[in-house]
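Working notes, structure below.
In this note's numbering, the protein residues as written are 243 to 429.
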């Protein structure tokens, strides 16, 4: 099991690495596979999942991109990388997801962060370059929090805290400086 999340109804969902998506049935006291998932999803290396306010389920995978089960439909949709098409996922290797208000979906990958504007159907990549102060220091992101409708805080490995503005696509960094006498500061 790679992640565990509870939906708004209290159902416990489990994502697995190569064995699909599962639910915990509290009444039967057992874990049950989700029966209506496609074979590709069932064999995917799932990494994270999130629930939209409307009840839709979003699932990231390490090898097959992004999956969506819309609340009003019974069939899954898959979003895969296609470098030849503008505003598509740049990679199928996704390690996490965070749903923000205003229809923005944040996707984490070993290569950095992608912000998917669900309404505009486009993907924006947040660039990484330790030498450039207006870019992220490192592709590893451990947390995201919303500051305002278009500004977000990013917990960035080796980079400390970063602030990202969706309107300007600019990053402002606040690196963690070692405290006096501390040899290995947190990253």
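Where is the CB? At the ideal position from N, CA and C, for every residue including glycine.
Residue 282: member of the alpha helix (DSSP H) spanning 281-285, first to last residue. In the DSSP secondary-structure assignment, residue 405 is bridged to 395 and 414.
Sequence-distant partners of residue 407 (beyond 5 residues in either direction) whose C-beta falls short of 7 Å from its own C-beta, in its chain, are 392 and 393. Scanning the stretch 261-328 from its first residue to its last, the whole beta strand (DSSP E) runs of 3-plus residues come out as 263-267, 272-275, 288-293, 299-303, 308-311 and 319-321. Just measuring C-alpha positions, the residue of 269, 341 and 254 sitting nearest residue 386 is 341. Of the residues assessed, residue 416 falls on the exposed side of the cut-off, its CB having fewer than 16 other CB atoms within 10 angstroms. A direct Cα-to-Cα measurement between residue 414 and residue 404 gives close to 6 Å.
With a cutoff of 8 Å on beta-carbon distance, residue 336 and residue 377 are scored as not near each other. When beta bridges are read from the DSSP output, residue 331 appears opposite no residue. Judged by DSSP in its simplified three-state form, residue 338 adopts strand. Nearest in C-alpha terms to residue 303, of all of 295, 253, 373 and 283, is 283.
The C-beta of residue 267 has fewer than 16 other C-beta atoms within 10 Å across all chains shown, which makes the residue exposed. For residue 256, the enclosing beta strand (DSSP E) stretches over residues 254-257. Per DSSP, reduced to three states, the secondary structure at residue 367 is strand.
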